[in-house]
Amino acid sequence: MVFVKGAEGTDIAHFVEKVVFWLHESYDPPKCVVKQPPYEVQQTGYAGFKLLIDIHFKNKSEPKSVRFHYNMFLHTENMPPVNHTRVEMLTFTNPAEDFRSKLLCAGGVLKNQDSPDAPVKEKKSSKESRHSEGSHKSSHKSKDKTSIKNTEKHKDKHAKRDEKRRNSVEENVYVRKKREEFKAKPSPSSVTSADKKSKDKVNKIKIKIEKSA
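Per the UniProt record's numbering, the very first residue in the sequence shown carries number 1; after that it's consecutive.
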């Protein structure tokens, strides 16, 4: 026996017009049409064959029918009976209002196609917001770095100017002191070793100033 019925005991007669079982050509007749539940056919035979099953819907627009292929195998003598049930899922996209009502009466489940896309769009918006916030923070960091660099550059400029000013003052003091020493300088024959050490020390200071300038 081969049958077609609703899963979990649902009544598919609400949307099924008829079920056609296409048996092997050796059967007479090979075409069995069942218009009322139970949608089943029971025959005897000597070998298995591929069975075609057409389910016609109570629908004025497409789809109006669906076909399934079933591999029919017979019970072998002296062997335990074989029971094989296959569950098929039917999906109807945007059915007409009257046919949708029939499907719902037969236990159909209404699925909204727009709902899976909504979280993706929201997630994208959130990502763009985080990106904008990150760019804003990056811009602030860039401005802060520029401001710090400009401040440091300004400080270095003032430091160099003050250093040149101090060097100039020290050089003027050195020149004035040198003139005074030259006026009070004794004859070359009376220069002591202490004076030579003092002169060497001053020369080192002078070299240091010129190097800094």
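Built from N, CA and C at the ideal position, the CB exists for glycine as well. From a predicted model like this one, the values you see are computed outputs, not experimental measurements.
In this structure, the alpha-carbon of residue 24 lies about 12 Å from that of residue 71.
With contact defined as three or more Cβ pairs closer than 8 Å, the segment 86 to 102 and the segment 48 to 62 are in contact. Residue 102: member of the alpha helix (DSSP H) spanning 97 to 105, first to last residue.
Proximity of the segment 28 to 43 to the segment 75 to 92 falls short of the contact definition, fewer than three beta-carbon pairs being nearer than 8 Å. Judged by DSSP secondary structure, residue 72 falls within the beta strand (DSSP E) whose first and last residues are 65 to 72.
CA-CA distance, residue 52 to residue 22, rounds to 5 Å. Take the alpha-carbon of residue 76 and the one of residue 20: they are about 26 Å apart.
Burial state of residue 66 is exposed, judged by a 10 Å Cβ sphere holding fewer than 16 other Cβ atoms.
Sorting 107, 16, 81 by C-alpha distance to the C-alpha of residue 39 places 16 at the top.
Burial of residue 4 is indicated by the presence of at least 16 other C-beta atoms within 10 angstroms of its C-beta.
Following the DSSP letters along the chain, one finds residue 56 inside the beta strand (DSSP E) bounded by residues 49 to 57. Minimum Cα-Cα distance from residue 88 among the listed residues 14, 48, 68, 105 corresponds to 68. Boundaries of the beta strand (DSSP E) harbouring residue 31: 31 to 34, taken from the DSSP string.
Residue 37 places its beta carbon 8 Å or farther from that of residue 7. Between residue 32 and residue 55, the alpha-carbon positions lie close to 12 Å from each other. Burial is judged here by how many other beta carbons sit within 10 angstroms of a residue's own beta carbon; residue 102 has at least 16 and is buried. Taking the Cα positions, residue 27 is about 13 Å away from residue 50.
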